[in-house]
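Only one structure is covered here, and it is reproduced in the block below.
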Amino acid sequence: MSTVISVILQILAVAILLFLIWPHIKKEKWKEKFIDNKQARSVLIVFVLVLVLVVGISWSMDALFPLERLD
């Protein structure tokens, strides 16, 4: 039961955070900052590739070497 409450609190915290910062996010000119800027676009592409690599390695390790109970 405490896990459910913890998850609900985390979702609520993210919702409140988005509610508080949404006006600032909406005002920014994201296209000029990240899409038209070649260096920033390259950094974003590398970040996404690294994220996909880490998630893929994590999933493959979970599949190949599952956790075992110690009892």
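The sequence shown: position 31 = 49 (my numbering), numbered continuously. Just so it is clear, CB atoms sit at the ideal spot from N, CA and C, and this is done for glycine as well.
Would you kindly work out how many angstroms separate the C-alpha atoms of residue i and residue j, rounded to a whole number?
i: Phe37; j: Val68; result: 29 Å
i: Gln28; j: Val73; result: 22 Å
i: Ile44; j: Val70; result: Per the sequence shown, residue 44 should be read as Lys rather than Ile. Straight-line Cα distance between these residues: approximately 27 Å.
Check the C-beta distance from residue i over to residue j and give it rounded, since I have them as a contact under 8 Å.
i: Phe52; j: Ala58; result: 5 Å
Once the 5 residues before and after residue i are set aside, which same chain residues still bring their CB inside 8 Å of it?
i: Leu62; result: Phe52
i: Met79; result: none
Excluding sequence positions up to five away, which residues of its chain have a Cβ less than 6 Å from the Cβ of residue i?
i: Thr21; result: none
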